[in-house]
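Trainee: Here it is, the structure, as structure tokens.
2 protein chains.
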Amino acid sequence: MKSFKIALAQFSPHVGNIDANTQKIIEQANLAKKDNADLIIFPELSILGYPAEDLILRPSLTKRTQQAFDQLAQVKDIVMIFGFVNVAEDGQRFNSAAVMKDGQVLGVYNKQTLPNYSVFDEKRYFNKGHQHLVFEYLGHKFGVLICEDVWSLNTVQQLAQLNIDTALVLNSSPYEVGKPQHRIDTMAALVKELNINLVYCNQVGGQDDLVFDGTSFVLNKTGELALQAPSFQEGLHLVEFDAEQQAFSKGTVTPVLDTMAEIYQSLVVGTRDYVQRSGFPGVILGLSGGIDSALTLAIAVDALGADKVQAVMMPYTYTAQISVEDAAEQAKTLGVTFGIAEINPIVNGFLQTLYPFFGDAPVDATEENLQARSRGTLLMALSNKFGNLVLSTGNKSELSVGYCTLYGDMVGGFAVLKDVYKTIVFELAKYRNSIAETPVIPERVITRPPSAELRPDQVDQDSLPPYEVLDAILYSYIEEDQSQDDIIAKGFDEEVVKRVIRLVDINEYKRRQGAIGPRISSRSFSRERRYPIVNGWKPGV
Amino acid sequence: MKSFKIALAQFSPHVGNIDANTQKIIEQANLAKKDNADLIIFPELSILGYPAEDLILRPSLTKRTQQAFDQLAQVKDIVMIFGFVNVAEDGQRFNSAAVMKDGQVLGVYNKQTLPNYSVFDEKRYFNKGHQHLVFEYLGHKFGVLICEDVWSLNTVQQLAQLNIDTALVLNSSPYEVGKPQHRIDTMAALVKELNINLVYCNQVGGQDDLVFDGTSFVLNKTGELALQAPSFQEGLHLVEFDAEQQAFSKGTVTPVLDTMAEIYQSLVVGTRDYVQRSGFPGVILGLSGGIDSALTLAIAVDALGADKVQAVMMPYTYTAQISVEDAAEQAKTLGVTFGIAEINPIVNGFLQTLYPFFGDAPVDATEENLQARSRGTLLMALSNKFGNLVLSTGNKSELSVGYCTLYGDMVGGFAVLKDVYKTIVFELAKYRNSIAETPVIPERVITRPPSAELRPDQVDQDSLPPYEVLDAILYSYIEEDQSQDDIIAKGFDEEVVKRVIRLVDINEYKRRQGAIGPRISSRSFSRERRYPIVNGWKPGV
């Protein structure tokens, strides 16, 4: 057996853009060759990008994939292992990996374990593979696996029994809190049990509501990390197998980020990739003086740069002076374009027009929604005129219970905090301030009681339980699938629990029309929690 | 073998409402007993309703289902065949049917063929069954199948080889144009080939974007219909098996509706069930004097009754006088509440507030969107104040190419024409007038050139190709999955095709935030065409 080098291309594909992805694969392979790599491994479905959803069903995909293979065939003197959609002659479709060298396909592996839960719909698109792929190169025996395969003990055991030295695993494993470390811990235990080395190459970057963290790694059969790539960054990472030591030599091991840093980075990357890949010149958002928009602004600036970000404060009668001051201060600190647009004349215009219809009907949430919708329409007008994408600033707690206005504060193409509970919003704000020389979010924004400022002296806690309580109930109900009875039994106030669950249930229609936003939890309101809108399910057991 | 009677409960479940559905099953069984039925068959998953989506994953479903079984066990002297979610002790979950008599479960069948394409996601929820269920009763040999099973020749053949007389098929087969007749034709050919009788009981009613048409039927092995139930209506239908003739006796055979009547009814039922099951007292919509809102109004009135429907005309500077006249006339003919709200002061309020931002920037679609969003906000305010659901009035052609304003004319909880191309909108309007004594849609609304009236003398054809051309291109691209090159090769103008396809591709973000609406096609923009928003797929081959 000889020593050799493997390159891991922690790669951010542009979903659907086969030409661009293929070019990128070629570039990475050529770079790897300069570093004397013998093999290079790419993420799952690297030619098409993941998840490509129903693009996988387009009839011309086979032809396009063939063209990509023809281009890749020009790369010489390195073994490439990349992912593609493999359509067999009988029409069966597989999530596959090709091993190619000097234009020859040495082998094709069809993924055997197809995830069809959570955010995954692979059985909509793919048939199961039934055969392992093992190849020998430089006297070393490699096996190939794709993502979910490696979480199926059965599948991995069967491969290990073919006496491979190293499993090469192509992944598109989306981020959720704690997932980067969890993958490594699980795989470290696995390699020890099965006595194989493991090379894990993961996709990176945002794709709609999913963020891929990368965090690729290489494990020796002892469970020791020979390589761990930084999270949330593209990069080409090399590792050397030392024939004498019969192990991968220790390279750079970048530890995973602390929890708040990890979440924050995922939001930055998700936002950056959505905005840039949708072709927007920049973003605009409503800055209210509250913590949600303040945090969203900080993330937008970190994602795109201050020159790409516009903030607008839209005060009304009920807006506190300190809100205007705090918004202005933050905009100044971050160096973004800032404007103020009073909405009183607009709201009054609506109220006058509606007077013949409303008559003496008492004031209620309708008038509050008019404020929110006037603001939403202003932001959309500025977006339409100058081209910036509107970022929506609502958080997961609000969205869960419908404490937000459809077509009002919910307007926007991307909802940065959509999957972030309010208690975590506070933590993230503090985290962001902690890494800055001067706080980017004014201290007062973090410490004052949250308010939508839609009526005099309003605070969120007039309508909602304290956020620590609300978020705990929401987490139990949404993330943990607990029943009303379970949650009451944990000691929460019965009426509060019933009200919160009822609000979650009746607000499915709002969430369905909301903007997408980056997933950070294991139960995001996107493709992951598919509830009917018309729904007679009764809370209780 | 004796003569016997089977009842088909063409049933509209309330998804998730296990108590209500169970009570309805018991009522139907008791009614059937009064008619001396020996067996009664219900649709697929009749206890929970279909599709219940992630409610199927709630941990307490097993307990709730057991409670339903306990209640159903009280029904005596009739064999009930109903659908339920069967969770096995090892955690495997099946889409199942139970055969119950006098509180005894005589057999359970687990669906073997799980659809996971189009609108179906059954592999997210269920494991495959592997065994047929055959039972003998009154000297007659029955087999049980569930929906997709009967479209799998392999599965049905295996059952037929067990020498059954009659297959009992529980279905929740959603409507699409022509589907009711297609099912019958396909099954008639099948029963002749396999020499079995077939009892097909289908769910009816709207559930979010799906409409179930019912159209249950009974086929003798000769391929002759012994029963065909009316489409889109709940009902209990009986059929008698004549032991002497060895066949089901000919009962009432209601032919399927003509195409336009069929589509129209599906929209009526979809709208009615969405509104009523969401608990809204009525609906409100913007009546523009154009054909989309005119047709939506007619459907709303047919679905809910005129007293439940409110129409508002919201003219602006560019609204033609005849639009106001036609809207008023239609509202009067149909007897709905009608109001007029001029939006000029509101739009002017927006423009003044935006002036410091816009400066001398040229007028563009921004100002048009302000009109649409002022109207949307007014409708939402009236909805918030009085509780009526806003119906959105846009059609599939508009939604395909983004010729509509997000948070403007797209506001609403239910988009009645979402899956109806503009050319079909015209047909449906003519159809509805043809069945009325006096036309409910003013003739001029049908004959004048369509216009959004967002700028002076605007007509849709300024921005879009003629609707016959547009819809033909859209149909090829969306429904038929043809490529740009394919469509150009059919003889359409190259530039037009490229523009239309580009518009479809870049407007995914708008559709994603649109209201749900009833599916009538085989490729609706709902759970059926799942395209990424960030999408680098290049049109062409």
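Each protein sequence line maps, in turn, to chains A and B. Under our numbering, read the first sequence as residues -6 to 534, first letter to last. Under our numbering, read the second sequence as residues -6 to 534, first letter to last. The beta carbon of each residue, even a glycine, is placed where N, CA and C say it ideally should be. Just so we're clear, the structure is a prediction, and the values are computed from it rather than from any experiment.
(1) Between the stretch 280 to 290 of chain A and the stretch 245 to 253 of chain A, can you find at least three pairs of beta-carbon atoms closer than 8 Å?
(2) Do T148 (chain B) and T179 (chain B) count as a contact pair if the criterion is CB distance below 7 Å?
(3) Please report the straight-line C-alpha distance between F379 (chain B) and W530 (chain A), rounded to a whole angstrom.
(4) Cβ of V383 (chain B) within 7 Å of Cβ of L392 (chain B)?
(5) Check whether the Cβ atoms of S517 (chain B) and D412 (chain B) lie closer than 7 Å to each other.
(6) Show which residues of chain B have a CB atom less than 7 Å away from the CB atom of L32 (chain A).
(7) Between the alpha carbons of T440 (chain B) and I428 (chain B), how many angstroms are there, rounded?
(8) Of the residues A:E436, A:A13, A:Q3, which one's Cα is nearest the Cα of F35 (chain A)?
(9) So who's on the other strand from P535 (chain B), going by DSSP bridges?
(10) Specify whether the stretch 431 to 447 of chain A and the stretch 317 to 337 of chain A touch according to this definition: at least 3 beta carbon pairs, one from each stretch, less than 8 Å apart.
(11) Beta carbons nearer than 7 Å to chain B: which residues of the stretch 372 to 404 of chain A have them?
(12) Which same chain residues end up closer than 7 Å to F225 (chain B) when comparing Cβ atoms and leaving out the 5 residues on each side of it in sequence?
(13) Examine chain A for any beta-carbon lying closer than 7 Å to the beta-carbon of S519 (chain B), and answer yes or no.
(14) Check the Cβ of Q506 (chain B) against every Cβ in chain A and list those closer than 8 Å, keeping chain order.
(15) Determine, for K116 (chain A), whether the minimum Cβ-Cβ distance to residues of chain B falls below 7 Å.
(16) Of all the beta strand (DSSP E) runs that stay within the bounds of the stretch 166 to 225 of chain A, which reach a length of 3 or more residues?
(17) Kindly indicate which residue of A:A182, A:Q200, A:Y193 has the alpha-carbon position closest to the one of P167 (chain A).
(18) Let's see if you can read the secondary structure: which residues bound the alpha helix (DSSP H) around A445 (chain A)?
(19) Roughly how many angstroms separate the alpha carbons of R523 (chain B) and E318 (chain A), rounded to a whole number?
(20) Go ahead and pull the three-state DSSP assignment for K415 (chain A).
(21) Can you find the residues in the same chain that come closer than 6 Å, C-beta to C-beta, to R520 (chain B), ignoring five residues on each side of it along the sequence?
(22) First and last residue of the beta strand (DSSP E) that includes F485 (chain B)?
(23) Closer than 8 Å by C-beta to Y348 (chain B): which residues in its own chain qualify, once you throw out the five before and the five after it? Chain order, please.
(24) Can you give me the C-alpha to C-alpha distance between D114 (chain A) and E141 (chain B), rounded to a whole angstrom?
(25) Check whether the stretch 71 to 89 of chain B and the stretch 114 to 124 of chain B touch, using three or more Cβ-Cβ pairs below 8 Å as the test.
(26) Between A25 (chain B) and I33 (chain B), is the Cβ-Cβ spacing less than 7 Å?
(27) What does DSSP give as the partner residues of K(-2) (chain A) in its beta bridges?
(28) Do N377 (chain B) and N362 (chain A) have their C-beta atoms closer together than 7 Å?
(29) Give a yes or no on whether 7 Å exceeds the smallest Cβ distance from Y524 (chain B) to chain A.
(30) By how many angstroms is the C-alpha of Q67 (chain B) removed from the C-alpha of V80 (chain B)?
(31) Mapping DSSP to helix, strand and coil, what is K94 (chain A)?
(32) At the level of alpha carbons, what is the spacing between R366 (chain B) and K491 (chain B)?
(33) Look up V527 (chain B) in the DSSP assignment and say whether it is helix, strand or coil.
(34) By Cβ distance below 7 Å, which residues in the same chain neighbour S(-4) (chain A) in space, the five residues on each side in sequence not counted?
(35) For the alpha helix (DSSP H) containing Y460 (chain B), name the first residue and the last one.
(36) So, helix, strand or coil for F273 (chain B), using DSSP?
Mentor: Reading off the structure:
(1) no
(2) no
(3) 26 Å
(4) no
(5) yes
(6) Near L32 (chain A) there are no residues of chain B at all, since even the closest Cβ is about 27 Å away, more than 7 Å.
(7) 18 Å
(8) A:Q3
(9) Limits of chain B in this structure are -6 at one end and 534 at the other, which puts residue 535 (chain B) out of reach.
(10) yes
(11) M373, A374, L375, N377, K378, Y400, V404
(12) V197, D206, G207, Q258, S259, V262
(13) no
(14) Q506, G507, A508
(15) yes
(16) 190 to 195, 197 to 200, 203 to 206, 210 to 212, 218 to 221
(17) A:Q200
(18) Where A445 (chain A) is concerned, there is no enclosing alpha helix (DSSP H), given that its DSSP letter is neither H nor E.
(19) 44 Å
(20) helix
(21) V112
(22) From DSSP, F485 (chain B) is part of no beta strand (DSSP E); its letter is neither H nor E.
(23) none
(24) 19 Å
(25) yes
(26) yes
(27) A:E233
(28) yes
(29) yes
(30) 22 Å
(31) strand
(32) 29 Å
(33) coil
(34) E233, F234, D235, A236
(35) 460 to 467
(36) coil
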